[in-house]
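All residue numbers for the sequence shown refer to the numbering used here, where the first residue is 203 and numbers rise by one. Where a beta carbon is used, it is the ideal one built from N, C-alpha and C, also for glycine. To keep things clear, I will list the structure first and then write my remarks on it.
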Amino acid sequence: MNRKRVISEFNRYVDAYDPSDPKIALKITHTYRVASLCERIGISAGVDDADLAWLSGMLHDIGRFEQIRRFDTFNDALSVDHAKLGADLLFGEGLLERFVPVDNWTNPEDRPLLERAIRNHNRFRLEEGLSDRERTYCDVLRDADKVDIFRVNCETPLEDIYNLTTDELRSSGVGASARAAYDERTALLRSLKSEPIDHLVGHVCLIFELVNPLSKQIAREQGYVDCLLSFESNNPETNVWFDHMRRTIWA
Ligand SMILES: [Fe+2]
203 MNRKRVISEF
213 NRYVDAYDPS
223 DPKIALKITH
233 TYRVASLCER
243 IGISAGVDDA
253 DLAWLSGMLH
263 DIGRFEQIRR
273 FDTFNDALSV
283 DHAKLGADLL
293 FGEGLLERFV
303 PVDNWTNPED
313 RPLLERAIRN
323 HNRFRLEEGL
333 SDRERTYCDV
343 LRDADKVDIF
353 RVNCETPLED
363 IYNLTTDELR
373 SSGVGASARA
383 AYDERTALLR
393 SLKSEPIDHL
403 VGHVCLIFEL
413 VNPLSKQIAR
423 EQGYVDCLLS
433 FESNNPETNV
443 WFDHMRRTIW
453 A
């Protein structure tokens, strides 16, 4: 794998989307962080090709740039499935050749594996029928992406992420489904979010979906989950609930 080529082509690709735009800059930073997390988590998960894990991180959100250009939003529900868009560009329209030329692939299984990892990275659950090797790489990428999402959500004002007013967030109660998901230690489906603050509880619940032990360890060490949990509400019941989460999250 020629990493220098991948990086220079990635930089050339995103240059066309105005890297000084904060939304574009956010995705560029996210990409590099996810790529290095993929390598680190991948090695601990025993992947047979750390370069391939790294590459999956470099290319996983390539669809974000066209998504923002075409729809001016990162909200898939309001625009397009960015994972599908990225995979269609890479594997359907030949974009992958810019990063890794066709004759640079030594293992014929690697291209379809990379495509599956990218298509599956934002799904609620992995598709059925993956090989053990594919599943390992898919899980590594999904973990790395979630670990960095904690950072993004911590560094970006909640109002901007969720498109809500400060008052809506601070006065919100916690919905029954959000509480249940947290106590069952599982992810919260978007359709089950009933209150404004459920978005934040749902993001915290991503910690329960991490597959590799190192991913949880990194998430804990980075402190961004604790930062999300430091939210202070004007609603006393919500504060009691956040206390409960702070006491139990790492149990
Ligand atoms: Fe993504």
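Tell me whether residue i, by its Cβ, gets closer than 8 angstroms to a heavy atom of ligand 1.
i: residue 345; result: no
i: residue 405; result: no
i: residue 263; result: yes
i: residue 325; result: no
i: residue 207; result: no
i: residue 181; result: This structure leaves residue 181 out entirely; the chain is present only between 203 and 453.
i: residue 289; result: no
i: residue 266; result: yes
i: residue 285; result: yes
For a test of the three-state rule: what should DSSP assign to residue i, helix, strand or coil?
i: residue 256; result: helix
i: residue 297; result: coil
i: residue 400; result: helix
i: residue 450; result: helix
i: residue 230; result: helix
i: residue 410; result: helix
i: residue 332; result: coil
i: residue 427; result: helix
i: residue 390; result: coil
i: residue 276; result: coil
i: residue 281; result: coil
i: residue 441; result: helix
i: residue 338; result: helix
i: residue 303; result: coil
i: residue 247; result: coil
i: residue 262; result: coil
i: residue 418; result: helix
i: residue 355; result: helix
i: residue 348; result: helix
i: residue 395; result: coil
On the DSSP letters alone, give me the boundaries of the alpha helix (DSSP H) that residue i sits inside.
i: residue 433; result: From DSSP, residue 433 is part of no alpha helix (DSSP H); its letter is neither H nor E.
i: residue 213; result: 205 to 217
i: residue 315; result: 312 to 322
i: residue 272; result: 265 to 273
i: residue 368; result: 368 to 373
i: residue 222; result: Counting along the chain, residue 222 falls outside any alpha helix (DSSP H), and DSSP gives it neither H nor E.
i: residue 360; result: 360 to 364
i: residue 325; result: Careful: residue 325 lies outside any alpha helix (DSSP H) and carries neither H nor E.
i: residue 385; result: 378 to 385
Looking at residue j and residue i, is the spacing between their C-beta atoms short of 9 angstroms?
i: residue 343; j: residue 262; result: yes
i: residue 360; j: residue 380; result: no
i: residue 399; j: residue 427; result: no
i: residue 431; j: residue 407; result: no
i: residue 264; j: residue 297; result: yes
i: residue 288; j: residue 346; result: no
i: residue 304; j: residue 420; result: no
i: residue 243; j: residue 227; result: no
i: residue 328; j: residue 371; result: no
i: residue 338; j: residue 237; result: no
i: residue 376; j: residue 439; result: yes
i: residue 205; j: residue 253; result: yes
i: residue 293; j: residue 257; result: no
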